[in-house]
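Numbering (the working numbering), first residue to last: 3 to 525. The beta carbon of each residue, even a glycine, is placed where N, CA and C say it ideally should be. See below for the structure under consideration.
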């Protein structure tokens, strides 16, 4: 007799609860508290979309345009990044500022504060090789701050609370943050507002409540639709919800309750404030149709598209100024909100330029098109792509083999080699050591190919320090040392390598040329 299919059994964790009150957010916190920075570095949670050189440079340019519009030309600046995660965006943002307007980054007048709710992340920031120098210069500080349970922003360097200062601008940056914090879901049908309740369950034989990977094991079902025309004590929130009752239109929307509370608290504490928010989400009512995904999605952590339309309504109801990206976007929107009353003519122009030419969402697609390039790409075109990316290390790795092929194929224009050399400096400066691929080794090899043996040796040393012992790296380092006027050290290293690896080839001490070097280069 056939046994048939085994019936799967489920254990109900909760039923008929608001999404903002669901256990999923407790599991979310457990995940980030226990996984720490490995959540991003192990590829479980995507973060490159907002933590790349192009995105950081775009936001740096926006900040500079904001500063140009302020009545006081030289205010103190406090940048507070909410949910800073790995700290990579901060590093790239500061590199961009240092390149464009280095005088803006002055000790005492400027401070970038990395905040997170997990103590493990806060402790890691000062140790990170890319962030260490910023901490040493006192350009960066860190603070334990939980935007779900807002208290003081207490600086780790001296234990003091961040307080409002005269002539000081407070810029709050939230990248991929408000999509991963508690919010609610609503549905509009027949001109009526319904609160969407959720049910969570699992089919595990045993259940450990503190397991960091519970989010991947639970099923979230959108269950009850409860008619509720005034679900919140805050009347202003209910007024925003009523704007979605638009006659016959059927809508399904998230409601960013935590974002509202966070922005309310911080803007009351720091009146001269600006909020720059970059996330996946919707900016128009037309986007809030039922067939578009508005509910939670699991990818290591849980995220829900941000209802930027509601945030814009909330801000306008307070007479704030709002810059909203209302174009069709699949991945990212970059919006700005501020209670300041200044006329921001420069911001208007810069924000319009970004969305008219190359937005962060456009850049996602552009970079994907580069990944599909299979034919030979001339060096001039590669350099143009790298410039557009603001010399992003990940894009450099994408083009690395093509760069080597071009350099090995024969002499390139001197101006192209000079442009590449300048770009390599920025790539090395921006390297966050967050990829499995060894950016430092790749930099060393390209430097060597264009005759910059000293820079190549320095990059190879960095590779050995960050990625550990490697025969190829040491061999190349030895050649670069010989070629850069340090033959004794280079020959000692070669002899050490040959003692361990007798089959290692003996290189010619007069290197071959490929035409792209100014003096000597290893081949």
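Between residue i and residue j, how many whole angstroms is the CB-CB distance? I'm expecting something under 8 Å.
i: residue 501; j: residue 479; result: Actually they do not touch by this definition, with Cβ atoms about 16 Å apart.
i: residue 102; j: residue 81; result: Not a contact, Cβ separation roughly 15 Å.
i: residue 28; j: residue 16; result: With 8 Å as the limit, residue 28 and residue 16 do not qualify as a contact, their Cβ atoms being about 11 Å apart.
i: residue 83; j: residue 109; result: 19 Å between Cβ atoms; not a contact.
i: residue 152; j: residue 267; result: 5 Å
i: residue 495; j: residue 483; result: 7 Å
i: residue 112; j: residue 79; result: 5 Å
i: residue 229; j: residue 196; result: 6 Å
i: residue 11; j: residue 205; result: 7 Å
i: residue 254; j: residue 307; result: With a Cβ gap of about 11 Å, residue 254 and residue 307 do not count as contacting.
Mapping DSSP to helix, strand and coil, what is residue i?
i: residue 254; result: strand
i: residue 512; result: Unreliable positioning characterises residue 512 in this predicted model, as indicated by a pLDDT of 46, which lies under 50. A coordinate reading is not provided.
i: residue 410; result: helix
i: residue 272; result: coil
i: residue 196; result: strand
i: residue 78; result: strand
i: residue 472; result: coil
i: residue 11; result: coil
i: residue 526; result: No information on residue 526 is available, as it lies outside the stretch 3 to 525 that the chain covers here.
i: residue 348; result: helix
i: residue 18; result: strand
i: residue 375; result: coil
i: residue 216; result: helix
i: residue 397; result: helix
i: residue 304; result: strand
i: residue 207; result: coil
i: residue 520; result: Low local confidence applies: a pLDDT of 42 at residue 520 is under 50, so the model's placement there is unreliable, with the coordinate-based value given in what follows. The answer is coil: DSSP assigns residue 520 none of H, G, I, E or B.
i: residue 507; result: coil
i: residue 226; result: strand
i: residue 319; result: helix
i: residue 26; result: helix
i: residue 309; result: strand
i: residue 202; result: strand
i: residue 284; result: strand
i: residue 441; result: helix
i: residue 291; result: coil
i: residue 324; result: strand
i: residue 267; result: helix
i: residue 432; result: helix
i: residue 415; result: coil
i: residue 448; result: helix
i: residue 44; result: coil
i: residue 107; result: coil
i: residue 3; result: Residue confidence is low: residue 3 scores 46 on pLDDT, short of 50, so the model does not pin down where it sits. Its coordinate-derived value is still stated next. Residue 3 falls in the coil class under three-state DSSP.
i: residue 386; result: helix
In or out: residue i buried (at least 16 other Cβ within 10 Å) or exposed?
i: residue 322; result: buried
i: residue 408; result: buried
i: residue 503; result: exposed
i: residue 325; result: buried
i: residue 210; result: exposed
i: residue 474; result: exposed
i: residue 42; result: buried
i: residue 416; result: exposed
i: residue 337; result: buried
i: residue 347; result: exposed
i: residue 168; result: exposed
i: residue 181; result: buried
i: residue 194; result: exposed
i: residue 44; result: exposed
i: residue 470; result: exposed
i: residue 14; result: exposed
i: residue 485; result: buried
i: residue 120; result: buried
From the DSSP secondary-structure annotation, give me the bridge partner or partners of residue i.
i: residue 175; result: 83, 278
i: residue 144; result: 116
i: residue 163; result: 156
i: residue 337; result: 279
i: residue 188; result: 197, 255
i: residue 611; result: There is simply no residue 611 to check, as the chain begins at 3 and stops at 525 in what is shown.
i: residue 170; result: 78
Does the stretch 304 to 317 come close enough to the stretch 282 to 291 that 3 or more CB-CB pairs lie under 8 Å?
Segments in contact, yes.
Between the stretch 350 to 368 and the stretch 54 to 68, do three or more beta carbon pairs fall short of 8 Å?
Short answer: they touch.
Can at least three beta-carbon pairs, one atom from the stretch 218 to 226 and one from the stretch 262 to 282, be found at a separation below 8 Å?
No: the two stretches stay apart, fewer than three of their Cβ pairs being nearer than 8 Å.
Tell me, please, whether the stretch 228 to 240 touches the stretch 135 to 152 by the rule of three or more beta-carbon pairs shorter than 8 Å.
The way I'd put it, the stretch 228 to 240 doesn't touch the stretch 135 to 152; fewer than three beta-carbon pairs between them come closer than 8 Å.
Report yes or no: do the stretch 61 to 77 and the stretch 342 to 360 share at least 3 C-beta pairs separated by less than 8 Å?
Contact between the stretch 61 to 77 and the stretch 342 to 360 is present, because at least three Cβ pairs lie under 8 Å.
Counting Cβ pairs closer than 8 Å, one from the stretch 400 to 407 and one from the stretch 377 to 392, do we hit at least three?
The stretch 400 to 407, when compared against the stretch 377 to 392, does touch it at the 8 Å Cβ threshold.
When you compare the stretch 433 to 441 with the stretch 418 to 425, are there three or more beta-carbon pairs, one atom per stretch, that lie closer than 8 Å?
The answer is no - the stretch 418 to 425 does not touch the stretch 433 to 441, with fewer than three Cβ pairs under 8 Å.
Would you call the stretch 183 to 191 and the stretch 257 to 264 in contact, with 3 or more CB pairs under 8 Å?
Flag = yes, the stretch 183 to 191 and the stretch 257 to 264 touch.
Does the count of Cβ pairs from the stretch 367 to 378 and the stretch 86 to 99 closer than 8 Å reach three?
Taking 8 Å as the limit for Cβ pairs, the verdict is that the stretch 86 to 99 does not touch the stretch 367 to 378.
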